[in-house]
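First residue of the sequence shown? That's 1 in this note's numbering, and the numbers climb one at a time after it.
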Amino acid sequence: MASEPAEAVFYWLAAGRYARSIFSQPETIRAYERAYQLIKENSYLFPVNLIYQVFSEWGDYVYDMSDAQSCEMISRNCYEMGVMQSEPLLIGTGLSGLGRAAGMRGEFQAAEEQFQRAVYHLRKIDHLAELIETYARIGIVRFNNDDFKGAKEAFEEGQKLGEVKTSDPRTLEARIDNLSQLCILLVYMGWPRRALELAREMVNDCQMVNRRSARLQAHASLGLAYYANGNLREAIHIALESVETAENLQLRFWQSFLDIILGRSYLMAGDLDRAWQHTMRAIEREEYYPNSNLIDHARQGLGDIFRLVGEYEKAIKIYQSIIDTGRINIQTIESRLYLGLSLCISGRQKEGLSWINKSIELAADKGLTAIEFYARLSSLLQCRTNKSSTKIDETVNRLVQQLQPRGSLYTDFYAKFALAFAAAIRGDVRAAMNLYHELIEYSDQVGSPMLELVPLQEMMQLAQPASIEHIEAKSRYAKLLKELTKSATIPPVKGMAQKLCISTRKKWQYFVNG
């Protein structure tokens with residue numbers, strides 16, 4: 001008879017999974033609660049692995065729903081049942097869940113303490129899946145606490161544990177949970193090529209797991225890695241495929257994460273309407289969660305739209321408001337850089353350079369190499385009148401040697417741009433023009449008219465008036481502006497694009513005739 005209760009729990013678990021597959025939240029919760037009630041009545045009748053399965057699946061579900069209260073309740077029940085039975089797996093799983101709940105509330109120190117206790121118990125039985133999961137959770141809490149170096153350590157420890165060959169779905173899910181977060185962090189720490197390799201590996205793994213949220217986060221991380229490596233078309237394709245899944249699963253975090261990727265990718269691809277729509281969707285969704293890093297990320301995307309269409313005062317206000325939150329996260333550090341650039345372009349160079357240099361200092365301290373690299377180049381180029389071409393060459397070459405193996409849409413582009421600029425300063429116009437031509441080809445290859453506008457502006461200033469290069473650069477620049485205007489049909493994007501064209505025509509004498 002002892003097998004009958006276990007069989008009933010097994011069927012309620014199956015019912016929970018089915019309810020998840022048809023996106024029925026009430027039925028999912030009901031199924032998991034029924035499974036738990038059967039176990040609670042007499043936990044000794046059930047195998048430990050079955051009890052673990054109920055708590056881990058149910059806990060993952062409420063975490064996906066951002067329900068910290070239920071996450072804590074489920075984890076505490078698991079922990080207490082583990083203590084009652086002296087079962088390290090249930091004790092460790094419960095403690096890990098309590099740490100996750102504390103992290104959701106922003107109680108980072110308490111979360112770290114619970115995680116370390118969980119690792120102690122899980123190491124005793126060497127339970128691979130839950131150990132990997134716990135290290136992923138440690139990394140997430142450290143990431144949310146802006147300890148990016150510590151987060152990387154935790155994710156990499158989880159990665160080492162996950163290198164063992166296995167077809168166990170729970171272990172593979174834990175591996176995906178861990179690697180997806182590591183990929184996101186690697187992008188911001190200046191390792192996008194490695195992030196892309198790991199993301200592709202994850203997507204292969206996710207074919208062997210049933211949990212849709214695990215498959216979703218694998219694909220979302222792949223979309224970000226594609227964007228960071230300059231594969232804009234692939235980033236858009238992956239993100240669009242994943243958005244519907246995120247909406248069906250009602251996973252707010254991943255919905256906004258994907259909208260942010262789409263907003264940035266469409267912006268660089270020159271589709272202003274879609275860039276605006278996806279960015280505003282993320283902002284409107286995340287406004288209800290003002291302490292989330294995602295609201296900073298989404299609003300920074302809006303600042304980027306304003307900056308790249310020449311609305312510098314609006315961009316300055318957005319970036320300043322992000323900095324004024326007082327947080328020191330990836331978005332606030334990056335916003336210092338873009339605030340500085342916007343101020344410099346607006347003629348407030350001294351103030352702008354101060355912000356850029358502050359972003360360099362913070363990015364270096366936090367290990368955010370990609371941001372640090374771009375900020376150092378930006379500082380170098382904004383001080384163009386005070387730097388010799390030799391100094392620029394030396395600095396750029398040193399930075400490129402450090403970062404070239406890492407791969408990036410922006411580091412590759414702006415490194416070559418800086419070398420071209422240095423060539424122009426030392427009077428080697430031909431070398432500069434050749435490099436600008438290479439940048440135009442690169443921009444066209446990745447499908448980014450926004451990037452292409454940058455070398456075209458420089459070419460129009462360098463080329464001799466009425467020369468073939470001068471005429472071709474002018475023609476191409478005008479064509480790109482026309483295409484950008486075509487992609488700007490909704491208010492207020494349409495107005496911004498029209499304003500950009502008018503502003504450009506007013507400055508045409510400067511850009512074209514030298």
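Virtual Cβ for every residue (Gly too), placed ideally from N, Cα, C.
The alpha helix (DSSP H) enclosing residue i, as first and last residue numbers
i: Val141; result: 128–144
i: Ala246; result: 232–249
i: Phe155; result: 148–161
i: Lys40; result: 25–41
i: Tyr44; result: Note, Tyr44: premise wrong, no alpha helix (DSSP H); not H, not E.
i: Asn77; result: 68–85
i: Thr485; result: 468–486
i: Pro449; result: 449–462
i: Ile440; result: 429–446
i: Ser96; result: 88–104
Rounded separation between residue i and residue j - CA only
i: Tyr288; j: Ala432; result: 49 Å
i: Glu80; j: Leu89; result: 12 Å
i: Gln464; j: Gly427; result: 14 Å
i: Gly367; j: Glu361; result: 10 Å
i: Tyr510; j: Asn178; result: With a pLDDT of 42 at Tyr510, under the threshold of 50, the modelled position of that residue is not reliable, and the figure given next carries that caveat. C-alpha separation (whole angstroms): 51 Å.
i: Cys344; j: Lys317; result: 14 Å
i: Arg193; j: Arg200; result: 11 Å
i: Arg285; j: Glu247; result: 12 Å
i: Ala415; j: Leu337; result: 17 Å
i: Gly82; j: Ala298; result: 42 Å
i: Gly158; j: Ile132; result: 5 Å
i: Tyr442; j: Phe413; result: 8 Å
i: Glu7; j: Thr171; result: 23 Å
i: Pro47; j: Leu13; result: 14 Å
i: Glu241; j: Leu262; result: 11 Å
i: Pro26; j: Tyr36; result: 15 Å
i: Glu4; j: Ser180; result: 39 Å
i: Gly447; j: Arg233; result: 8 Å
i: Ala364; j: Leu399; result: 13 Å
i: Trp508; j: Ala478; result: Residue placement at Trp508 cannot be trusted, given a pLDDT of 48 that sits under 50; what the coordinates show is reported in the next sentence. Taking the straight line from one Cα to the other gives about 10 Å.
i: Leu45; j: Ile125; result: 21 Å
i: Arg20; j: Ser487; result: 38 Å
i: Val396; j: Asn434; result: 17 Å
i: Lys165; j: Gln53; result: 21 Å
i: Trp276; j: Ala239; result: 16 Å
i: Ala111; j: Leu161; result: 21 Å
Closest Cα partner of residue i within the set the options
i: Arg252; options: Arg233, Gly367, Arg281; result: Arg281
i: Lys499; options: Lys165, Thr325, Leu262, Val309; result: Val309
i: Leu339; options: Ile140, Ile74, Ser378; result: Ser378
i: Glu57; options: Val209, Gly326, Trp355, Lys358; result: Val209
i: Ile22; options: Arg123, Pro492, Arg212; result: Arg212
i: Ser359; options: Gln382, Arg348, Ile330, Gln349; result: Ile330
i: Glu156; options: Thr166, Ile138, Lys165; result: Ile138
i: Ala235; options: Gln250, Glu244, His219; result: His219
i: Glu163; options: Arg175, Glu153, Asp259; result: Arg175
i: Tyr188; options: Phe10, Arg430, Glu334; result: Glu334
i: Glu33; options: Leu45, Asn49, Tyr44, Tyr61; result: Tyr61
i: Glu438; options: Pro455, Ala422, Ala424; result: Pro455
i: Gln255; options: His278, Leu272, Leu267; result: His278
i: Gly352; options: Thr369, Leu381, Ile260; result: Leu381
i: Gly16; options: Phe55, Asn49, Ser43, Tyr374; result: Phe55
i: Cys501; options: Leu453, Phe148, Glu458; result: Leu453
i: Leu98; options: Pro290, Ser354, Arg274, Met73; result: Met73
Spatial neighbours of residue i in its chain, beta-carbon cut-off 6 Å, leaving aside the 5 residues before and after
i: Val512; result: Note that Val512 has pLDDT 41, beneath the 50 cutoff, so the model's placement of it is unreliable and no number is given.
i: Ile51; result: Ile39
i: Ser265; result: Tyr227, Leu232, Ala235, Ile236
i: Ser346; result: Tyr312
i: Met1; result: With a pLDDT of only 37 at Met1, under the threshold of 50, the placement of this residue in the model should not be trusted; the figure read from the coordinates follows. Once the five neighbours on either side are set aside, Met1 has no close Cβ partner at all.
i: Lys494; result: Ala488
i: Ala129; result: Arg170, Thr171, Ala174
i: Glu41; result: none
Neighbourhood of residue i by C-beta, 8 Å cutoff - its chain only, sequence neighbours within 5 removed
i: Met104; result: Tyr63, Ser66, Ala68, Cys71
i: Leu95; result: Ser75, Tyr79, Gln114, Phe115, Arg117, Ala118, His121
i: Pro449; result: Ala269, Gly270, Ser443, Leu480, Glu483, Leu484
i: Phe306; result: Tyr312, Lys314, Ala315, Ile318, Met496
i: Asp296; result: Ile322, Thr325, Arg327, Asn329, Gln331, Thr332, Ser335
Own chain partners of residue i with C-beta closer than 7 Å, once the 5 adjacent residues on each side are dropped
i: Ser292; result: Glu286
i: Ile520; result: Since the first residue of the chain shown is 1 and the last is 514, residue 520 is not available in this structure.
i: Ala151; result: Gly139, Arg142, Phe143, Leu185
i: Gly514; result: Confidence in Gly514 is poor, its pLDDT being 38 and thus under 50, which makes the residue's placement too unreliable to answer from.
i: Phe373; result: Gly190, Leu399, Leu403, Thr411
Within-7 Å CB hit, residue i to chain B
i: Leu179; result: The displayed structure is made up of one protein chain only, and chain B is not part of it.
> Unbroken alpha helix (DSSP H) runs of length 4 or more, entirely within the segment 285–329: which are they?
Replying inline: 293–308, 312–323
Length-filtered (4 minimum) alpha helix (DSSP H) runs lying within the segment 327–379: As far as the segment 327–379 is concerned, its whole alpha helix (DSSP H) runs of at least 4 residues are 330–345, 349–366.
Length-filtered (4 minimum) alpha helix (DSSP H) runs lying within the segment 180–236: 192–205, 212–228
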